[in-house]
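Just below is one structure, and these are the notes that go with it.
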Amino acid sequence: MNLYYQFAGRKQWNCNFGNSGLIIFTDPSYGSCIYE
């Protein structure tokens with residue numbers, strides 16, 4: 000989502016994802032799949 004916001008122009012309307020985001024407390028990365 001942050002990547003989309005950065006590329007879409009950093010406008011308020013580009014940051015509304017309809018409450019589809021998740022707050023996580025553990026790193027979801029595994030193996031060679033790295034989340035930033």
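4 is the number that numbering that gives the first Met the number 0 gives to position 5 of the sequence shown; each next residue is one higher, with no gaps.
Idealized CB from N, CA, C, for every residue including glycine.
Since this is a predicted model, take the numbers as computed values, not measurements.
What is the DSSP secondary structure of residue i, counted as helix, strand or coil?
i: residue 34; result: coil
i: residue 16; result: coil
i: residue 2; result: helix
Starting from residue i, follow its DSSP beta bridges and name the residues at the other end.
i: residue 29; result: 32
Using only the alpha-carbon positions, how far apart do residue i and residue j sit?
i: residue 18; j: residue 12; result: 13 Å
i: residue 28; j: residue 35; result: 9 Å
i: residue 20; j: residue 5; result: 16 Å
i: residue 7; j: residue 22; result: 22 Å
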